[in-house]
Amino acid sequence: MSIFDDIRTKGATYRLTEEALYAEALREIESGQRRDGVWAKALAESEMDHGKAGAKYIKLRVQSLKDEVSVVVAEARREETIERQKELNRAQPLTPTQIQQQPKDEVAPSSSSRAIHEVHETPQRKSTIQAFFDFILTIAAFVVIVSAVVGGVFSFMK
29 MSIFDDIRTK GATYRLTEEA LYAEALREIE SGQRRDGVWA KALAESEMDH GKAGAKYIKL
89 RVQSLKDEVS VVVAEARREE TIERQKELNR AQPLTPTQIQ QQPKDEVAPS SSSRAIHEVH
149 ETPQRKSTIQ AFFDFILTIA AFVVIVSAVV GGVFSFMK
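Numbering (our numbering), first residue to last: 29 to 186.
What follows is the structure, given as structure tokens:
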């Protein structure tokens with residue numbers, strides 16, 4: 029796959045994800061759910077015009093959903109880094125002095141584990157993290173689409 033195909037695919041994935049997020053925001057509105065903080069910001073930015081605030085709310089809510097996904101991904105990355113660091117530290121035997129000085133729940137990186145960590149942060153590793161992030165966004169979009177479809181089916185059955 030060429031770099032242009034990769035860029036085109038990422039653009040398409042982004043647009044489809046954004047479409048699913050807009051659908052989720054609309055589904056929330058139709059079901060009577062509203063984030064008061066987002067609604068207040070929409071009203072403020074639209075000078076208290078409720079018609080304009082409705083459209084602004086959807087845009088702000090979509091951004092809020094994107095932020096929620098970003099926070100989840102960042103937390104997953106942080107946990108992955110902590111686990112990787114723990115594994116590296118377990119591979120390096122500690123001296124009795126280091127064991128006594130180390131707090132029980134803290135992971136103290138040794139100089140050799142830092143060197144190993146730096147080796148792992150290659151461009152290939154970063155592209156793996158980016159692929160993981162893209163995967164999470166795709167999963168989030170899928171969940172949003174499925175919940176929208178299920179919500180539509182249940183509202184149709186009422």
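Don't be surprised by glycine CBs; every beta carbon is placed ideally from N, CA and C.
According to DSSP, simplified to helix, strand and coil, what is residue i?
| i | result |
| --- | --- |
| Asp162 | helix |
| Arg106 | helix |
| Gln56 | Strictly speaking, residue 56 in this sequence is Glu, with Gln absent from that position. Correct three-state label for Glu56: helix. |
| Gln61 | coil |
| Ser92 | helix |
| Ser30 | coil |
| Ser74 | coil |
| Thr123 | coil |
Enumerate in chain order the residues of its own chain whose CB-to-CB distance from residue i is below 6 Å, with the five nearest sequence positions on each side excluded.
| i | result |
| --- | --- |
| Phe170 | none |
| Glu73 | Lys84 |
Ordered along the chain, which non-local residues of its own chain (more than five positions away) have a Cβ less than 7 Å from that of residue i?
| i | result |
| --- | --- |
| Ala143 | The predicted position of Ala143 is uncertain, since its pLDDT is 43 and thus under 50; a value taken from the coordinates is nonetheless stated next. Nothing listed; no residue qualifies. |
| Val172 | Ala48, Leu49, Ala51, Glu52 |
Restricting to Cα atoms, I'd like to know which of the options is closest to residue i.
| i | options | result |
| --- | --- | --- |
| Tyr85 | Val100, Gln61, Ser98 | Gln61 |
| Ile164 | Ile31, Val99, Ser30 | Val99 |
| Asp95 | Gln128, Ile35, Glu46, Ile110 | Glu46 |
In chain order, what residues of the same chain lie with their CB nearer than 8 Å to the CB of residue i, ignoring the 5 residues before and after it?
| i | result |
| --- | --- |
| Val97 | Ile164, Leu165, Ala168 |
### Query
Do the segment 74-89 and the segment 54-66 touch if we need at least three Cβ pairs shorter than 8 Å?
yes
### Query
Is it true that the segment 104-118 meets the segment 75-87, where meeting means three or more beta-carbon pairs spaced less than 8 Å apart?
no
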